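Okay, structure first, notes after.
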Amino acid sequence: MINKPKGTYDLIGLDSKLYQYICNTIDNYMVNYHYDFIRTPVFEATELFHRTVGDNTDIVTKETYDFIDRGERKITLRPEGTAGVVRSVIENKLYGNRNDALKYYYIGTMYRYERPQAGRYRELTQFGVEVFNSSSIIIDAEVISMGYNILKDLGIDNFTVKINCLGDSLSRNNYIKALKDYLKPHINELCEDCQKRYETNPLRILDCKIDKDSLILKNIPNITLYLSKDSLEKFNKLKELLTLLDIDYEIDNKLVRGLDYYDDVVWEYTTDSENLALGGGGRYNNLVSNLGGPNLPAIGFGMGIDRIILELKKILPQENNIIGNIDVYIMCVSLEEKMHGVKIAQDLRLNNIITEINNNDLSLKAQFKIADILKAKLLLILNNDDLAKGLINVKDNVTKEEIKIDEKEIVDYILGNL
Ligand code: HAM
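Position 29 (the sequence shown) corresponds to 28 in my numbering; numbering is contiguous.
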């Protein structure tokens with residue numbers, strides 16, 4: 000038998016129902032918040048991720064799926080969605096002559112060669128948004144609060160929005176210098192990875208999982224003190240706006256995120272129970288120009304749909320009505336009953352009534368059982384005698400009351416009784 004690759008899973012059963020519920024909710028949000036759907040390739044030139052996510056990040060050095068294609072090109076399966084969208088904005092000149100914000104969203108699979116565990120997969124699905132051409136805190140607040148509202152709307156309550164400000168490049172460089180000065184006498188006390196990060200990516204030392212409880216990290220200089228006046232003022236205004244929008248947030252001065260392209264505001268949606276973020280993002284005002292595009296400020300976030308599924312499974316009540324339930328089950332046995340049943344099923348489905356019909360040669364007893372599993376609200380129990388008189392026997396599957404309805408009025412009756 001051939002098994003699935005390590006770190007992947009098949010989206011089946013409850014997971015697949017929750018996946019669709021999440022994606023439908025997101026799609027509806029994207030209409031109201033006015034974001035366009037974008038799809039970019041699952042594989043891109045390897046160089047793209049080196050130049051965006053960063054040469055020294057864990058994602059690029061340890062986690063990418065790289066291969067040479069049959070035309071000798073270096074290709075990488077995307078580990079995240081931002082790089083491809085930025086490439087597309089530049090390549091297709093999507094910015095045109097517009098002076099308002101360009102707002103995109105995507106839902107797609109990403110690939111990271113990570114050590115698999117619950118909530119950490121090698122194939123993961125991200126919902127992401129990327130907004131270009133605005134450096135306004137209106138957009139910062141819109142994007143941060145939108146992610147918050149979506150999680151709440153999905154039914155997730157036990158999460159926190161952690162926010163930090165990395166500042167513009169001048170502030171960040173000043174901070175990195177202060178950080179290195181502070182850490183210099185302690186280098187040997189840091190974990191092996193952080194000793195390397197000291198040279199290659201010192202900011203990442205701040206959110207090291209191994210050293211996080213050490214005194215060295217606890218007393219590390221506070222990044223906020225190094226922000227330029229402009230960055231600090233914007234950050235304070237953004238906090239005010241988030242409060243106005245009723246977003247619960249916490250300031251986390253050690254939050255730096257694992258990708259190199261960020262500046263200014265960064266944030267994560269973290270669950271209270273575990274250390275796995277449901278999502279995270281930030282501003283990346285220099286990435287488009289660094290990749291050869293115009294000077295377009297940008298901001299975005301990505302959310303792990305697989306992790307949201309896990310979270311929802313923890314909190315779903317046993318008897319939930321989000322998923323899988325149907326409105327009507329049509330019971331039929333003889334060929335004549337089935338012919339009628341198929342026609343009625345179509346009429347109901349075309350009227351937005353979720354309908355299922357005995358789609359196998361099941362006995363009436365077996366059909367009752369299936370209707371219960373599917374939590375059908377109403378049963379249409381067809382029989383030849385009633386059909387000959389143009390009548391349909393409707394049974395309420397909760398109260399168990401039965402009534403005979405004229406076949407011509409069945410759609411209206413059901414619409415009025417769901
Ligand atoms: P990220 O923090 O690397 O950011 O990933 C975003 C989210 O994807 C994480 O918070 C997590 O929920 C999910 N995720 C990441 N790795 C895995 C995994 N191995 N298994 C399951 N879920 C995972 C980005 O990818 C940025 N592109 C976000 C962004 C967009 N920043 C600006 N725009």
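The beta carbon of each residue, even a glycine, is placed where N, CA and C say it ideally should be. Since the model is a prediction, treat every value here as computed from it, not as a measurement.
Three-way DSSP call (helix, strand, coil) for residue i in this model
i: Thr24; result: helix
i: Asp210; result: coil
i: Met109; result: strand
i: Tyr64; result: strand
i: Tyr34; result: coil
i: Asp263; result: strand
i: Tyr174; result: helix
i: Lys394; result: strand
i: Thr223; result: helix
i: Arg306; result: helix
i: Gly432; result: Any question about residue 432 goes unanswered here, given that the chain covers just 0 to 417.
i: Arg121; result: coil
i: Lys375; result: Per the sequence shown, the amino acid found at residue 375 is Ala instead of Lys. Correct three-state label for Ala375: coil.
i: Tyr8; result: coil
i: Ala44; result: strand
heavy atom of ligand 1 below 7 Å from residue i C-beta
i: Leu277; result: yes
i: Gln116; result: no
i: Phe158; result: no
i: Gln19; result: no
i: Met338; result: no
i: Thr56; result: no
i: Tyr120; result: yes
i: Thr81; result: yes
i: Asp305; result: yes
i: Met302; result: yes
i: Leu311; result: no
i: Tyr283; result: yes
i: Gln345; result: no
i: Leu123; result: yes
i: Gly53; result: no
i: Glu129; result: yes
i: Leu258; result: yes
i: Arg455; result: Look at the range of the chain in this structure, 0 to 417, and you will see that residue 455 is not part of it.
i: Gly107; result: no
i: Gly292; result: no
request  = Kindly provide the ranges of any alpha helix (DSSP H) runs that are 4 or more residues long and lie completely inside the stretch 314 to 366, ordered along the chain.
outcome  = 334 to 348
ask   = Are the stretch 297 to 313 and the stretch 269 to 279 touching, with three or more C-beta to C-beta distances below 8 Å?
value = yes
query = In chain order, which alpha helix (DSSP H) runs of at least 4 residues are fully inside the stretch 49 to 98?
reply = 57 to 61, 81 to 90
query = Do three or more CB pairs link the stretch 219 to 237 to the stretch 252 to 260 at distances below 8 Å?
reply = yes
query = Would you call the stretch 333 to 342 and the stretch 395 to 403 in contact, with 3 or more CB pairs under 8 Å?
reply = no
key: Cβ contact check for the stretch 341 to 355 and the stretch 410 to 417: 3 or more pairs under 8 Å   = yes
query = Which parts of the stretch 129 to 213 are runs of the beta strand (DSSP E), unbroken and 3 residues or longer, counting only runs that do not cross its ends?
reply = 158 to 164
ask   = Can you find at least 3 beta carbon pairs, one from the stretch 11 to 28 and one from the stretch 88 to 103, that sit closer than 8 Å?
value = no
message = Contact between the stretch 178 to 190 and the stretch 231 to 248 is defined here as three or more beta-carbon pairs at a separation below 8 Å; is this criterion met?
response = no
request  = Evaluate contact between the stretch 146 to 158 and the stretch 34 to 42, counting only Cβ atoms and requiring at least three cross-stretch pairs below 8 Å.
outcome  = no
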